[in-house]
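In this note's numbering, the protein residues as written are 343 to 711.
By construction, the Cβ of each residue, glycine as well, lies at the ideal position given by its N, Cα and C atoms.
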Amino acid sequence: MAPPVEITIPSTTLSSVPNEKPYTLYNITLRLPLRSFVVQKRYSDFLTLNTTLTSLIADPTPAPLPGKSWFKSTISSPELTETRRIALEKYLRAIAESPDRRWRDTSAWRQFLNLPSSSGSSVRSELAAAHQRGTGHQAAMDPQVWLDLHREMKDNLKEARLFLGRRDGATTAQAQYEAGAKAKSCLVKAGTLLMSLDEGIKFFDAEERRRGEGRLGVGEVRRRKDLLASARGEKEGLEKLNVSLAVKSHGNGGSGGGGGIASTQDKNALFGPNVAKPPGRVLGAPIPETDKTRELDNEGVLQLQQKIMEDQDLDVDELTKIVRRQKEMGLAIHGELELQNAMLARVDEDASRLKGKLDVAKKRVGKIS
Numbered sequence: 343m344a345p346p347v348e349i350t351i352p353s354t355t356l357s358s359v360p361n362e363k364p365y366t367l368y369n370i371t372l373r374l375p376l377r378s379f380v381v382q383k384r385y386s387d388f389l390t391l392n393t394t395l396t397s398l399i400a401d402p403t404p405a406p407l408p409g410k411s412w413f414k415s416t417i418s419s420p421e422l423t424e425t426r427r428i429a430l431e432k433y434l435r436a437i438a439e440s441p442d443r444r445w446r447d448t449s450a451w452r453q454f455l456n457l458p459s460s461s462g463s464s465v466r467s468e469l470a471a472a473h474q475r476g477t478g479h480q481a482a483m484d485p486q487v488w489l490d491l492h493r494e495m496k497d498n499l500k501e502a503r504l505f506l507g508r509r510d511g512a513t514t515a516q517a518q519y520e521a522g523a524k525a526k527s528c529l530v531k532a533g534t535l536l537m538s539l540d541e542g543i544k545f546f547d548a549e550e551r552r553r554g555e556g557r558l559g560v561g562e563v564r565r566r567k568d569l570l571a572s573a574r575g576e577k578e579g580l581e582k583l584n585v586s587l588a589v590k591s592h593g594n595g596g597s598g599g600g601g602g603i604a605s606t607q608d609k610n611a612l613f614g615p616n617v618a619k620p621p622g623r624v625l626g627a628p629i630p631e632t633d634k635t636r637e638l639d640n641e642g643v644l645q646l647q648q649k650i651m652e653d654q655d656l657d658v659d660e661l662t663k664i665v666r667r668q669k670e671m672g673l674a675i676h677g678e679l680e681l682q683n684a685m686l687a688r689v690d691e692d693a694s695r696l697k698g699k700l701d702v703a704k705k706r707v708g709k710i711s
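Here it is in structure tokens:
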């Protein structure tokens with residue numbers, strides 16, 4: 343096991359951002375086995391961290407976060423600054439040195455201190471615990487946790503698609519029922535994660551409008567909105583496919599009223615192996631019947647075709663968004679290049695002017711000597 347991170351807050355700094363009210367920054371020094379670095383955080387960042395940790399972990403943190411002072415400010419009170427610095431250092435060290443790793447294994451803690459990400463298993467356990475407590479929406483308000491939730495949601499959609507494919511190819515009612523139930527369970531989980539992700543996007547949007555400079559930026563928020571819209575469309579398409587498969591199953595009936603697809607063995611046992619097969623449907627002169635459409639009725643074929651067209655439309659929409667983002671990036675690069683060219687031109691003018699002054703100075707030195 344890796345040694346714990348050594349954390350100290352040896353000093354504070356007063357911010358000097360133009361056109362902004364000054365505030366106190368706490369210089370957090372982290373000493374790792376191979377390197378050391380400093381992270382600057384303000385008190386509101388500590389509040390956000392503590393809120394996220396308490397939403398993810400049911401138990402209180404090893405040390406309490408110092409409370410907010412309503413009558414004094416650290417800008418005008420060095421005593422309050424020093425007292426809060428000591429308390430914040432104690433808060434971080436208690437979490438870093440606690441035998442219980444639950445707080446240190448969260449992505450909120452790692453992002454706060456700019457530490458590398460943990461393994462996927464700990465992230466999954468963290469997200470599962472948050473949803474069991476009903477705090478998944480709050481967890482999605484952390485930018486890194488949002489990405490973990492999105493990855494988990496995409497995995498559920500992928501599993502749902504696999505189970506629907508198994509259900510479509512099932513030869514017994516039991517196998518069809520089990521695959522359908524697993525697909526529905528994955529879609530329900532994906533729907534819950536989508537709601538959490540949507541709440542996170544709303545929080546990032548509100549933060550951007552309120553502060554004017556959120557943690558993600560306008561471009562990143564827009565990109566995540568596009569990811570969410572694409573995932574929502576994919577989920578709706580899988581749900582329609584799930585319904586079409588269920589309609590097909592009930593329409594075909596099955597032995598024992600189970601609603602399954604009759605297997606080849608069942609057909610041979612009922613009609614005999616040498617019974618001539620009826621001619622297939624004619625879907626159109628250039629469109630032959632396939633194994634995927636043979637077991638579907640006309641309504642099922644129509645729904646399958648609509649699903650394919652919807653998937654193609656989603657792919658076109660996603661490609662359009664990618665092209666639009668590439669265009670925006672190209673325009674931004676063009677603007678940056680123009681700005682750099684203007685700066686280089688000014689530097690060239692300054693260099694020429696300085697060269698002229700140096701030439702004059704040399705002439706004068708030559709006359710003196």
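For this session: Note down the Cα distance separating SER287 from GLU562, rounded to an integer number of angstroms.
Result: The requested residue 287 does not occur in the structure, where the chain is confined to residues 343 to 711.
Problem set entry | Segment contact flag, the stretch 642 to 661 with the stretch 570 to 588, C-beta cutoff 8 Å, min 3 pairs | These segments touch.
Exercise. Quick one: is MET651 buried, meaning 16 or more other Cβ sit within 10 Å of its Cβ, or exposed?
Worked result: MET651 should be labelled exposed.
For this session: Taking SER353 as part of the beta strand (DSSP E), name the residues at either end of that continuous run.
Result: From DSSP, the beta strand (DSSP E) with SER353 extends over 348 to 356.
Exercise. From the DSSP output, which residues share a beta bridge with ILE370?
Worked result: For ILE370, which the question treats as bridged, DSSP gives the partners VAL381.
For this session: Check each candidate in ASN392, ASP568, LEU407, LYS432 and name the one with the smallest Cα separation from THR448.
Result: For THR448, the nearest C-alpha among the options comes from ASN392.
For this session: Give the DSSP-derived three-state secondary structure of GLU362 in the structure shown.
Result: In the structure shown, GLU362 sits in coil (DSSP, three-state: anything other than H, G, I, E or B).
For this session: Please classify ASN498: is it buried, with 16 or more other beta-carbons within 10 angstroms of its beta-carbon, or exposed?
Result: So ASN498 ends up on the buried side.
For this session: Can you tell me which of GLN516, LEU489, LYS524 puts its alpha carbon nearest to the alpha carbon of ILE543?
Result: Selected option, being the one with the closest Cα: LEU489.
Problem set entry | Pairwise C-alpha distance: SER386 and ARG426 | Cα-Cα distance, rounded: 13 Å.
Exercise. Are the CB atoms of LEU529 and ALA502 nearer to each other than 8 Å?
Worked result: Taking 8 Å as the cut-off, the beta carbon of LEU529 is found closer than this to the beta carbon of ALA502.
Exercise. Which of the three DSSP states, helix, strand or coil, is assigned to GLY708?
Worked result: In the structure shown, GLY708 adopts helical secondary structure according to DSSP, grouped into three states.
Problem set entry | CB of ILE399 within 8 Å of CB of LEU372, strictly | Cβ distance not < 8 Å, so ILE399 and LEU372 don't count as in contact.
For this session: Would you kindly check if the distance between the Cβ of ALA405 and the Cβ of ALA436 is under 8 Å?
Result: In this structure, ALA405 lies closer than 8 Å to ALA436 by Cβ.
Problem set entry | SER572, DSSP secondary structure in three states | The answer is helix: DSSP assigns SER572 an H, G or I state.
Exercise. For SER694, does the count of other Cβ atoms within 10 angstroms reach 16, so buried, or fall short, so exposed?
Worked result: Label assigned to SER694: exposed.
Exercise. In three-state DSSP terms, what is ASN392?
Worked result: The three-state secondary structure of ASN392, taken from DSSP, is helix.
Exercise. Starting from PRO408 and walking both ways along the alpha helix (DSSP H), at which residues does that stretch end?
Worked result: In this chain, PRO408 is not harboured by any alpha helix (DSSP H), its DSSP state being neither H nor E.
Problem set entry | First through last residue of the alpha helix (DSSP H) which encompasses ALA512 | No alpha helix (DSSP H) contains ALA512, which DSSP labels as neither H nor E.
Exercise. Would DSSP call SER463 helix, strand or coil?
Worked result: Unreliable placement is indicated for SER463, whose pLDDT of 44 sits below 50; the coordinate value is still reported in the next sentence. Looking at SER463 - three-state DSSP - the assignment turns out to be helix.
Problem set entry | Buried versus exposed, by CB contacts within 10 Å (16 or more), SER411 | Under a 10 Å Cβ-count criterion, SER411 is classified as exposed, with fewer than 16 other Cβ atoms of the shown protein chains found around its own Cβ.
Exercise. Taking buried to mean at least 16 other C-beta atoms within 10 Å of its own C-beta, is GLY522 buried or exposed?
Worked result: By the 10 Å Cβ count, GLY522 comes out buried.
Problem set entry | Own chain residues within Cβ distance below 8 Å of ARG384, not counting five before or after | SER357, TYR365, THR366, LEU367, TYR368, listed in sequence order.
For this session: Check whether the Cβ of ARG426 sits closer than 7 Å to any heavy atom of the ligand SAM, and report yes or no.
Result: This structure lacks the ligand SAM; in fact it carries no ligand of any kind.
Exercise. Just the Cα atoms here: how many angstroms apart are ALA517 and ARG564?
Worked result: So the two alpha carbons sit approximately 42 Å from each other.
Exercise. With a Cβ-Cβ cutoff of 8 Å, do LEU407 and PHE379 count as a contact?
Worked result: In this structure, LEU407 keeps its C-beta atom at 8 Å or more from the C-beta atom of PHE379.
Exercise. How should LEU646 be labelled, buried or exposed, when 16 other C-beta atoms within 10 angstroms of its C-beta is the threshold for buried?
Worked result: Buried, because 16 or more other Cβ atoms sit within 10 Å of the Cβ of LEU646.
Problem set entry | Three-way DSSP call (helix, strand, coil) for LEU455 in this model | Here DSSP, grouped into helix, strand and coil, assigns LEU455 to coil.
Exercise. Residue range of the alpha helix (DSSP H) that ALA436 falls in?
Worked result: Per DSSP, the continuous alpha helix (DSSP H) segment holding ALA436 begins and ends at 420 to 439.
Problem set entry | Supposed contact pair ASP540 and LEU570 - C-beta distance, whole angstroms, cut 8 Å | At roughly 7 Å, the Cβ-Cβ gap stays under 8 Å, so LEU570 and ASP540 are in contact.
For this session: Would you grab the beta carbon distance between LEU583 and LYS649 for me? Rounded to a whole angstrom, and I think it's under 8 Å.
Result: Sure, about 5 Å apart at Cβ, within 8 Å.
For this session: Inspect the beta-carbon positions of LYS531 and PHE505 and report whether they are closer than 8 Å.
Result: LYS531 is not a Cβ neighbour of PHE505, given a cutoff of 8 Å.
Problem set entry | Alpha carbon of SER711 to alpha carbon of LYS704, nearest angstrom | Near 10 Å, if we compare the C-alpha coordinates of LYS704 and SER711.
Exercise. Is it buried or exposed for ALA515, if we count other Cβ within 10 angstroms and need 16 for buried?
Worked result: It counts as buried.
Exercise. So what's ALA532 in DSSP terms, helix, strand or just coil?
Worked result: In the structure shown, ALA532 sits in a helix (DSSP, three-state: H, G or I).
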